[in-house]
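Enquirer:
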Amino acid sequence: MPQLNLAWWLFNFFIGWLSLLIVLTILLNSPRIAEEPNANVTSNSVNPNNWKWN
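Taking the numbering used here, I'd label the letters of the sequence shown as residues 14 to 67.
1) What residues in its chain sit with their C-beta under 8 Å from that of N63, if we drop five residues either side in the sequence?
2) Mapping DSSP to helix, strand and coil, what is S32?
3) Grouping DSSP H, G and I as helix and E and B as strand, with all else coil, what is I22?
4) What's the gap between the Cα of L71 and the Cα of M14?
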């Protein structure tokens with residue numbers, strides 16, 4: 014039954030592309046997170062290479 018095989022392939026093909034399109038649309042329309050400096054990224058006045066041995 015080649016018609017059933019072709020119909021099943023087309024069904025899976027369109028379902029796959031439709032789900033990918035829905036996921037990409039949701040990701041592109043999601044609100045962006047406000048860019049705030051991270052506490053670990055901010056520069057510190059202490060030099061990490063200045064070790065205190067004693």
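Here a beta-carbon is modelled for each residue, glycine too, at the ideal position from N, C-alpha and C.
Expert: Short version:
1) The count along the sequence shown starts at 1 and reaches residue 63 at position 50. Excluding the 5 residues flanking it on each side, N63 has no same chain C-beta neighbour closer than 8 Å.
2) For the purposes of this step, residue 32 is identified with residue 19 of the sequence shown, where counting begins at 1. Note: S32 maps to helix in three-state DSSP.
3) The residue you call residue 22 lines up with position 9 of the sequence shown. Before going on, a small fix: residue 22 reads as Trp here, not Ile. Here W22 sits in helix by DSSP.
4) Not covered by the structure: residue 71. The range shown for the chain is 14 to 67.
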